[in-house]
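Heads up, the working numbering is the position in the sequence shown plus 155, with the first residue counted as 1. Heads up: the structure comes next, in structure tokens.
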Amino acid sequence: MSLRTPLARVRGLGSAKDGTGHWLAQRISAVLLVPLSIWFLVCFWPVLGQEYADARVYLAQPMHAFLLLAFVLTLIYHALLGVQVVIEDYIHTRWLEVSLQVAIKLIAFLAALATAFALIRIVLGA
Numbered sequence: 156m157s158l159r160t161p162l163a164r165v166r167g168l169g170s171a172k173d174g175t176g177h178w179l180a181q182r183i184s185a186v187l188l189v190p191l192s193i194w195f196l197v198c199f200w201p202v203l204g205q206e207y208a209d210a211r212v213y214l215a216q217p218m219h220a221f222l223l224l225a226f227v228l229t230l231i232y233h234a235l236l237g238v239q240v241v242i243e244d245y246i247h248t249r250w251l252e253v254s255l256q257v258a259i260k261l262i263a264f265l266a267a268l269a270t271a272f273a274l275i276r277i278v279l280g281a
């Protein structure tokens, strides 16, 4: 039994069947960010006052680099999901909405790529 009206069915309006997955992905990324944020604050608080070379040696440890990469990628993904919802809810001009969606996905991809590249360089000692 459909809850959509006959007029909505004819016009093709209604659920895009993607809301539940998006909601769940946002909640899972938020739950993942809790322990990763605590780890980040606990492990990198002492590094803040150190020299650049000392911080780089600390970050070159594989476990720290992996967890930092997981933290940043999860943070970028969570932010992407949140900004996507804001754009969908408040931008009503179709071309502007699509342009902004493409732009934020490109920015998120570039940020993730730059983060991964920087961490790989630090871990490999380049």
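Yeah, the Cβ is synthetic: ideal placement off N, Cα and C, and Gly gets one too.
Per DSSP, the continuous alpha helix (DSSP H) segment holding alanine 208 begins and ends at 207-214.
Sixteen is the threshold: when 16 or more other Cβ atoms of the shown chains lie within 10 Å of the Cβ of serine 184, as they do, the residue is buried.
For aspartate 244, the enclosing alpha helix (DSSP H) begins and ends at 217-245. In this structure leucine 228 is not in contact with alanine 220, their Cβ atoms being roughly 12 Å apart against a cut-off of 8 Å. Ranked by Cα distance from lysine 260, the first of Leu274, Leu188, Ile231, Val212 is Ile231. The C-beta separation of tryptophan 194 from leucine 224 comes to about 12 Å, leaving the pair out of contact by the 8 Å criterion.
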